[in-house]
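Under our numbering, the sequence shown is numbered contiguously, ending at residue 240. Glycine residues also receive a C-beta, built at the ideal position from the N, C-alpha and C atoms. To start, the structure under review is shown below, and the notes come after it.
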Amino acid sequence: MTIRVLLADDQNLVRAAFALLVASAPDMEVVGEAATGREAVELARAERADLVVMDVRMPDLDGIEATRLIAADEDLAGVRVLVLTTYDTDENIVEALRAGASGFLVKDTRPAELLDAIRTVTAGDALLSPGPTARLIERFLRSPATPAAGTAGPDCLSDRERQVLALVARGLNNTEIADSLGLSPLTAKTHVSRIMGKLGARDRAQLVIVAYESGLVTPGVGRPPADGGPTQPSQ
């Protein structure tokens with residue numbers, strides 16, 4: 006399958022560089038370029054992109070609001086957003102994740118990493134850990150708050166599903182979750198899918214936000230043990 010990519014950045018040279026990089030990948034094509042957030046939303050609707058590479062700071066409509074509009078549009082339910090920023094300490098990144106972005110990268114990321122990120126996010130996984138995103142979440146989501154937009158809280162989950170959600174929030178993939186809880190990878194994947202359905206989450210990125218904002222996962226605390234006992238501190 007060819008991944009249809011929309012590039013949104015107000016700098017012409019940056020867009021041109023990204024376009025050349027994406028076009029060089031045999032499994033990707035650039036279907037549009039936007040210089041503002043509003044153009045990004047309009048092109049996402051017109052071109053039916055699979056993924057939008059979205060700059061945070063743009064004129065007319067910033068990347069956060071553009072992401073929120075895309076995530077809220079039922080006709081664009083399959084469109085993923087990968088946010089780019091110049092600074093890995095940008096507080097707006099957490100707001101972008103809350104708005105529906107599936108992860109973020111800093112602009113000085115190596116070309117191969119950007120292509121891998123596009124594939125990862127398009128596949129429905131979150132680009133969250135390890136790296137700056139995990140640090141940002143821990144910094145800005147220290148107090149329980151309302152769930153991410155459009156999602157429910159974890160109270161509706163079973164004990165096992167809450168364990169799985171906590172491990173997702175720690176950045177574990179399905180295989181690692183399965184190993185941690187003594188499950189098969191298929192069972193772990195099924196649990197994650199059911200959790201997303203119950204919480205109304207678009208992807209794993211929103212699961213992470215819900216886990217932190219609800220207080221299910223505490224920043225700075227290590228991975229929950231498989232037996233459901235007290236979480237062990239990080240070493």
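TODO: Classify glycine 220 as helix, strand or coil using the three-state DSSP reduction.
DONE: In this structure, DSSP gives glycine 220 a state outside helix and strand, which the three-state scheme calls coil.
- [ ] Might you give, ordered along the chain, the residues of its own chain that have their beta carbon closer than 7 Å to the beta carbon of isoleucine 69, omitting 5 neighbours on each side?
- [x] Val61, Asn97, Glu100, Ala101, Ala104
TODO: Give a yes or no on whether the C-beta atoms belonging to methionine 59 and alanine 82 are separated by under 8 Å.
DONE: For methionine 59 and alanine 82, no; Cβs fall outside 8 Å.
Task: Within the region 79-125, ranges of the alpha helix (DSSP H) (whole runs, at least 4 residues) - done: 97-104, all fully within the region 79-125.
Open item on the list: Please report the distance separating the alpha-carbon of arginine 228 from that of alanine 51.
Closed with: Low confidence applies here, because arginine 228 scores a pLDDT of 45, under 50, leaving its location unreliable; read the following figure in that light. The straight-line gap from Cα to Cα measures roughly 42 Å.
Task: Residue range of the unbroken beta strand (DSSP E) whose run includes valine 169 - done: Per DSSP, valine 169 is not a residue of any beta strand (DSSP E); the alpha helix (DSSP H) it occupies stretches across 164-174.
Open item on the list: Determine whether the beta carbon atoms of aspartate 15 and methionine 63 lie at a separation below 8 Å.
Closed with: yes
Task: Buried or exposed by the 16-neighbour rule on C-beta atoms within 10 Å, applied to methionine 6 - done: exposed
Open item on the list: Quick check: arginine 53 and glutamate 38, are their CB atoms within less than 8 Å of each other?
Closed with: no
TODO: Return the bridge partner residues of glutamate 70 from the DSSP annotation.
DONE: Answer is none; glutamate 70 lacks a bridge partner.
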